[in-house]
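Written out below as structure tokens is the structure these notes cover.
In the numbering used here, the protein residues as written are 10 to 70.
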């Protein structure tokens with residue numbers, strides 16, 4: 010279950026960054042969508058590695 014918890018924490022953290030970059034007063038569904046779409050997932054051995062790819066200013070690369 011730790012992998013799911015870590016992934017959720019990463020997605021929420023990236024959503025917070027996205028919300029701050031556009032000076033939003035709270036995190037909305039759009040910020041979470043941008044966060045989820047900007048996380049790259051790679052297989053590393055027997056684990057999945059999630060890496061946020063959000064650029065400064067709130068744009069995904």
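Glycine included, each C-beta is placed from N, C-alpha and C at the ideal position.
Worksheet item: Would you call the CB atoms of residue 36 and residue 17 closer than 7 Å?
Response: On the chain shown, residue 36 is found 27 positions in, with the first residue counted as 1. On the chain shown, residue 17 is found 8 positions in, with the first residue counted as 1. Taking the C-beta atoms as reference points, residue 17 is found no nearer than 7 Å to residue 36.
Discussion item. Could you tell me the alpha carbon to alpha carbon distance between residue 70 and residue 42, rounded to whole angstroms?
Written reply: Numbered from 1 along the chain shown, position 61 holds the residue referred to as residue 70. Numbered from 1 along the chain shown, position 33 holds the residue referred to as residue 42. Bear in mind that the predicted position of residue 70 carries a pLDDT of just 45, short of 50, making it too unreliable to give a figure here.
Worksheet item: Taking DSSP as the reference, what is the three-state secondary structure of residue 27?
Response: As a position in the chain shown, residue 27 is number 18, starting the count at 1. Of the three classes helix, strand and coil, the one that applies to residue 27 here is helix, per DSSP.
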